[in-house]
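Undergrad: In my numbering, each residue's number is its place in the sequence shown (first place is 1) plus 15.
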Amino acid sequence: MTERAASRTAILVCQGRAVADGRLGVGRFSDPIAVDLLLDDEREIVEHLRAGAVPKAFGARVEYEFVSATSEVLAARTVAIDDAVREKRLPQLVILGAGLDARAWRMPELSGVSVFEVDHPASQAEKRERLGEREPLAAVRFVPVDFGKDSLGAALTEAGHDESRPTTWIWEGVVPYLTRAEVGETVTEVAKRSAAGSRLIVTYPTPNRLYHYGRRAMEVLLSLTGRTNPMAREPQRSSWTPEAMATVLTDRGFTVTSDRDLLTIARVAGVEGKRGSFLSSGHLVVADRG
Ligand SMILES: C[S@@+](CC[C@H](N)C(=O)[O-])C[C@H]1O[C@@H](n2cnc3c(N)ncnc32)[C@H](O)[C@@H]1O
Numbered sequence: 016m017t018e019r020a021a022s023r024t025a026i027l028v029c030q031g032r033a034v035a036d037g038r039l040g041v042g043r044f045s046d047p048i049a050v051d052l053l054l055d056d057e058r059e060i061v062e063h064l065r066a067g068a069v070p071k072a073f074g075a076r077v078e079y080e081f082v083s084a085t086s087e088v089l090a091a092r093t094v095a096i097d098d099a100v101r102e103k104r105l106p107q108l109v110i111l112g113a114g115l116d117a118r119a120w121r122m123p124e125l126s127g128v129s130v131f132e133v134d135h136p137a138s139q140a141e142k143r144e145r146l147g148e149r150e151p152l153a154a155v156r157f158v159p160v161d162f163g164k165d166s167l168g169a170a171l172t173e174a175g176h177d178e179s180r181p182t183t184w185i186w187e188g189v190v191p192y193l194t195r196a197e198v199g200e201t202v203t204e205v206a207k208r209s210a211a212g213s214r215l216i217v218t219y220p221t222p223n224r225l226y227h228y229g230r231r232a233m234e235v236l237l238s239l240t241g242r243t244n245p246m247a248r249e250p251q252r253s254s255w256t257p258e259a260m261a262t263v264l265t266d267r268g269f270t271v272t273s274d275r276d277l278l279t280i281a282r283v284a285g286v287e288g289k290r291g292s293f294l295s296s297g298h299l300v301v302a303d304r305g
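Structure, rendered in structure tokens:
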């Protein structure tokens with residue numbers, strides 16, 4: 016992602032949630048706001064998928080399968096993250112790399128919670144435009160930060176985050192786009208601002224060859240067939256074994272409460288999970304501060 020361009024992967028995952036709403040993990044997953052945050056041309060593929068209209072043209076079919084696989088990942092990880100947020104009702108929620116996350120607009124449990132949406136300035140500006148006048152259910156403050164360049168701590172202090180009170184941190188779908196050093200630095204900042212009782216929820220990719228080559232092949236096919244490749248400007252920069260991720264967290268004072276792969280989560284959440292390797296390569300870790 017360059018300094019000026021808003022994230023395209025944020026749109027892809029929003030499309031995934033819009034496809035999944037009312038279709039995957041019914042009764043467990045819901046994001047009725049996602050579709051409203053998409054522009055007309057971005058909504059088209061969502062409508063095809065929701066209608067089960069499988070395209071005949073090869074390029075359109077590749078895109079269809081890619082967004083379909085994404086919707087399974089998104090339904091699974093959203094259910095698990097929402098559960099982890101509800102399990103521990105804390106007064107502050109910081110969403111790191113928020114993209115088009117609509118939790119503050121769709122979760123009534125967040126009313127009374129101070130929500131800080133941290134994101135790359137370009138992505139955040141675009142989100143605010145897309146939201147228009149839509150009112151959140153929580154008190155939301157927008158905090159523009161480029162991880163690795165800007166000081167997360169200073170930006171949060173300025174926005175009114177209180178480091179003496181416990182915080183839930185969500186870091187969903189962002190770790191792959193950061194280097195290992197940027198991940199470590201960000202967790203250091205998060206740990207400094209995490210009072211006792213705080214919770215950090217992180218999704219991360221594991222080094223899975225099948226997934227890696229499958230995703231690369233999908234990207235090449237999207238480009239060759241003239242479709243938009245949402246990952247073109249947002250390359251994957253890091254992947255983690257569960258042990259390596261646990262080390263980063265425990266070295267900074269967190270205790271790992273759970274670490275599960277998304278395929279396991281999908282099964283529990285009633286998400287069909289046809290794309291096993293797509294799902295199983297992603298993990299979700301919940302870590303707490305004693
Ligand atoms: C795949 S999107 C995930 C968005 C959201 N968390 C979700 O799951 O819907 C990746 C997000 O990471 C953010 N991001 C990537 N690199 C970043 C950086 N260096 N600084 C701040 N945000 C970054 C992008 O702006 C984008 O919103």
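A virtual CB, placed ideally from N, CA and C, is assigned to each residue, including glycine.
Sorted by chain position, which residues of the same chain lie with C-beta nearer than 6 Å to Asp161's C-beta, five sequence neighbours on each side aside?
TA: Taken in chain order, the residues that qualify are His135.
Undergrad: Output the boundary residues of the beta strand (DSSP E) element that contains Gly297.
TA: From DSSP, the beta strand (DSSP E) with Gly297 extends over 297-303.
Undergrad: With a threshold of 16 other CB atoms inside 10 Å of the CB of Val61, please say whether the residue is buried or exposed.
TA: Buried is the call here.
Undergrad: Helix, strand or coil, according to DSSP, for Thr218 in the structure here?
TA: The answer is strand: DSSP assigns Thr218 an E or B state.
Undergrad: Apart from the five residues just before and just after Thr24, which ones in its own chain have a Cβ nearer than 8 Å to its Cβ?
TA: Gly114, Gly188, Tyr192, Pro245, Met246, Glu249, listed in sequence order.
Undergrad: Compare the Cα-Cα distances from Leu54 to each of Gly40, Gln30, Glu197 and report the closest residue.
TA: The candidate whose alpha carbon is nearest that of Leu54 is Gln30.
Undergrad: Looking at C-alpha atoms only, which residue of Leu52, Phe293, Arg290, Phe157 is the closest neighbour of Arg121?
TA: Among Leu52, Phe293, Arg290, Phe157, the Cα nearest to that of Arg121 belongs to Leu52.
Undergrad: In terms of residues, what are the limits of the alpha helix (DSSP H) holding Val310?
TA: Nothing about residue 310 can be reported from this structure: the residues present for the chain run from 16 to 305 only.
Undergrad: Quick one: Cα of Thr232 to Cα of Leu64, how far?
TA: Note that residue 232 corresponds to Ala in the displayed sequence, not to Thr. Their Cα atoms are separated by approximately 21 Å.
Undergrad: Can you tell me whether Glu57 sits near ligand 1, meaning its C-beta is under 7 Å from at least one heavy atom of the ligand?
TA: Flag unset: Cβ of Glu57 not near ligand 1.
Undergrad: I'd like to know whether the C-beta atoms of Val293 and Glu144 end up nearer to each other than 8 Å.
TA: Reading off the sequence shown, one finds Phe at residue 293, where the question assumed Val. The answer is no: Cβ separation not under 8 Å.
Undergrad: Per the contact definition of three or more C-beta pairs closer than 8 Å, is the stretch 202-209 in contact with the stretch 218-235?
TA: Because the criterion of three Cβ pairs below 8 Å is not met, the stretch 218-235 and the stretch 202-209 do not touch.
Undergrad: Tell me the rounded alpha-carbon separation between Arg32 and Arg118.
TA: For Arg32 and Arg118, the distance between alpha carbons rounds to 12 Å.
Undergrad: Find the nearest neighbour of Leu277 within the set Arg252, Leu89, Lys164, Leu264, judged by alpha-carbon distance.
TA: Selected option, being the one with the closest Cα: Leu89.
Undergrad: I'd like to confirm something about Ser138: is its beta-carbon nearer than 7 Å to some heavy atom of ligand 1, or not?
TA: Result yes, Cβ under 7 Å from ligand 1.
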